[in-house]
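*Asks:*
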Ligand SMILES: Nc1ncnc2c1ncn2[C@@H]1O[C@H](COP(=O)(O)OP(=O)(O)O)[C@@H](O)[C@H]1O
Ligand SMILES: [Mg+2]
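Residue numbers (our numbering): 1081 to 1474.
(1) Since residue 1216 sits in a beta bridge, which residues does DSSP pair it with?
(2) Within the continuous beta strand (DSSP E) that includes residue 1090, where are the two ends?
(3) Check residue 1440 in the structure and name its three-state DSSP category.
(4) Just to confirm, is the Cβ distance from residue 1190 to residue 1214 under 8 angstroms?
(5) Do you know whose CA, among 1390, 1454, 1357 and 1291, lies nearest residue 1369's CA?
(6) Would you call the region 1178 to 1194 in contact with the region 1265 to 1280, where contact means no fewer than 3 C-beta pairs closer than 8 angstroms?
(7) May I ask you to list the residues that DSSP assigns as paired with residue 1148?
(8) I'd like the span of the alpha helix (DSSP H) that includes residue 1130, first residue to last.
(9) For the alpha helix (DSSP H) that contains residue 1445, what are its first and last residues?
(10) Between residue 1326 and residue 1361, is the Cβ-Cβ spacing less than 8 angstroms?
(11) Any heavy atom of ligand 2 closer than 7 angstroms to the Cβ of residue 1317?
(12) Would you mind listing the alpha helix (DSSP H) stretches within the region 1275 to 1315 that are 4+ residues and don't spill past its ends, in chain order?
(13) Between which two residues does the beta strand (DSSP E) harbouring residue 1163 extend?
(14) DSSP three-state label for residue 1109, please.
(15) DSSP state of residue 1198, grouped into three classes?
(16) In chain order, what are the residues with a CB under 5 angstroms from some non-hydrogen atom of ligand 1?
(17) Measure how close the beta-carbons of residue 1259 and residue 1250 come, nearest whole angstrom, since I'm counting them as under 8 angstroms.
(18) Spatial neighbours of residue 1074 within its chain, please: CB distance less than 8 angstroms, with the 5 preceding and 5 following residues excluded, ordered by chain position.
(19) Does residue 1187 come out as helix, strand or coil in the three-state DSSP assignment?
(20) For the region 1299 to 1310 and the region 1277 to 1288, state whether three or more C-beta atom pairs, one from each stretch, are separated by less than 8 angstroms.
(21) Any heavy atom of ligand 2 closer than 7 angstroms to the Cβ of residue 1266?
(22) How far does the beta strand (DSSP E) with residue 1433 in it reach, from first residue to last?
(23) State the CB to CB distance for the pair residue 1273 and residue 1366, rounded to an integer number of angstroms; the pair is presumed to be in contact (CB under 8 angstroms).
(24) For my contact list, residue 1451 and residue 1426 are in at a C-beta cut-off of 8 angstroms; report their separation, rounded to the angstrom.
(25) Identify, in the order they occur along the chain, each residue of the same chain with its Cβ nearer than 8 angstroms to the Cβ of residue 1346, setting aside the five sequence neighbours on each side.
What follows is the structure in structure tokens.
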């Protein structure tokens, strides 16, 4: 799947934001408080709505009152995504629209629509359309050659008005679009990596993908070593190149049935357990485990990957994040690092500004001056340093 465009209204500082073109790899820059974390949280919010319900997702962020843009309590939060995904084996441009507001003081899904064009012409067809917990979904979408009146509309009532229809119906095979979209969102990875969570020995178990906090790092390393040795070896080779001294990394079982990562420094006989290894070493290893995942996430969001890492490594890391899309994934990164930005093409860079309290998002490529400077040999990171990004929006 690939998100093609994005429209958000009344979600915290994102009062009215739309991205008409979203590349597979997008990098967001902007001063503190301009809304980078908020933008990524839109994806985390959607995922939380799906895993629990809308009320819980709002509660985790305070409440509706905290989440809706300041001064807009009477308005609805709108999230609209256009994305490409296969439905019944045909690639479609699907629109998902979610509108959340208060009704008698309670958060409610006021409207939820999943639509796409069935043919080359005509307006998008609503395959799922719900409001206040009631609506319909089409159950024979694969018959898209049939005339509209031959499609089967199933009226449905959800258990409550704060549950997403894609959750309620997405579990049923017969609702193809809802099912496919639900599975996609469930596989989104919005990173909330913490070194202290990744560090330390862990109960032995099985994990194929790095968790959002990174707390299963030894388990995933063990899985890669056992099941995807070539991937593990690539990660190890990269670590050896980037972290002076590292000669081996092993996920070792302890006697009490736990798993611990051990880092071997070529200068010493005994390896170090991860508790005594530098933050940057663990972080680099975790990123490589995330980025070289044999089954990439459809969407990966990572904030400020530069923290704790040596600036000289940024260029390569920026390219590595970009390479994640080679296997079908989409990647959003935020950064303050000019070194990281130097590894990113201008067309992938967006910058955020705060205007009258709310976020605006600009695409670097739309600014002639920035394009000209890059054509003349300037690197994007140097332009960020010289505040050119800011200057062209003033
Ligand atoms: N409901 C809201 N309405 C308007 N602005 C908000 C709301 N909630 C938080 N904010 C503001 O949004 C800003 C964006 O913060 P954040 O996304 O963390 O920025 P960044 O990650 O770019 O540093 C903060 O300055 C905060 O004050
Ligand atoms: Mg932030």
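Heads up, the beta-carbon is just placed ideally off N, CA and C, and yes, glycines get one too.
If you're wondering where the values come from, they're calculated on a predicted model, not measured in any experiment.
*Replies:* Working from what's here:
(1) For this step, residue 1216 is matched to residue 136 along the chain shown. Answer is 1209 and 1235, bridged to residue 1216.
(2) Residue 1090 sits at position 10 when you count from the first residue of the chain shown. Its beta strand (DSSP E) spans residues 1082 to 1091.
(3) Locating residue 1440 in the chain shown gives position 360, counting from the first residue. Look at residue 1440 here: in three-state DSSP terms it is strand.
(4) Position 110 of the chain shown, counted from the first residue, corresponds to residue 1190. Position 134 of the chain shown, counted from the first residue, corresponds to residue 1214. Not in contact: residue 1190 and residue 1214 (Cβ atoms no closer than 8 angstroms).
(5) For the purposes of this step, residue 1369 is identified with residue 289 of the chain shown, where counting begins at 1. Ranking the options by Cα distance to residue 1369, first place goes to 1291.
(6) Taking 8 angstroms as the limit for Cβ pairs, the verdict is that the region 1265 to 1280 does not touch the region 1178 to 1194.
(7) Within the chain shown, residue 1148 is the residue found at index 68, counting from 1. Partner(s): 1091.
(8) In the chain shown, residue 1130 corresponds to position 50, counting from 1. Start and end: 1116 to 1131.
(9) For the purposes of this step, residue 1445 is taken as the residue at position 365 of the chain shown. For residue 1445, no alpha helix (DSSP H) segment is defined, and its DSSP state is neither H nor E.
(10) Taking the first residue of the chain shown as position 1, residue 1326 is located at position 246. Taking the first residue of the chain shown as position 1, residue 1361 is located at position 281. Contact: yes.
(11) Translated into positions along the chain shown, residue 1317 becomes position 237. No, the Cβ of residue 1317 stays beyond 7 angstroms of every heavy atom of ligand 2.
(12) 1275 to 1278 and 1297 to 1307
(13) Position 83 of the chain shown holds residue 1163. Start and end: 1157 to 1167.
(14) Numbered from its first residue, the chain shown carries residue 1109 at position 29. Reduced to three states, the DSSP call for residue 1109 is strand.
(15) Taking the first residue of the chain shown as position 1, residue 1198 is located at position 118. Correct three-state label for residue 1198: coil.
(16) 1092, 1093, 1112, 1113, 1114, 1115, 1116, 1117, 1118, 1149 and 1150
(17) Residue numbering aside, residue 1259 sits at position 179 when the chain shown is read from its first letter. Residue numbering aside, residue 1250 sits at position 170 when the chain shown is read from its first letter. The pair is a contact, with the Cβ atoms about 5 angstroms apart (cut-off 8 angstroms).
(18) Since the first residue of the chain shown is 1081 and the last is 1474, residue 1074 is not available in this structure.
(19) Within the chain shown, numbered from 1, the residue matching residue 1187 stands at position 107. Residue 1187: strand per DSSP, three-state reduction.
(20) yes
(21) As a working note, residue 1266 is residue 186 in the chain shown. No, Cβ of residue 1266 sits at least 7 angstroms from all heavy atoms of ligand 2.
(22) The residue you call residue 1433 lines up with position 353 of the chain shown. Start and end: 1429 to 1435.
(23) On the chain shown, residue 1273 is found 193 positions in, with the first residue counted as 1. On the chain shown, residue 1366 is found 286 positions in, with the first residue counted as 1. Confirmed, about 6 angstroms.
(24) Position 371 of the chain shown, counted from the first residue, corresponds to residue 1451. Position 346 of the chain shown, counted from the first residue, corresponds to residue 1426. So it is a contact: roughly 6 angstroms between Cβ atoms.
(25) Indexing the chain shown from 1 puts residue 1346 at position 266. Cβ neighbours of residue 1346 beyond the five flanking positions: 1325, 1326 and 1327.
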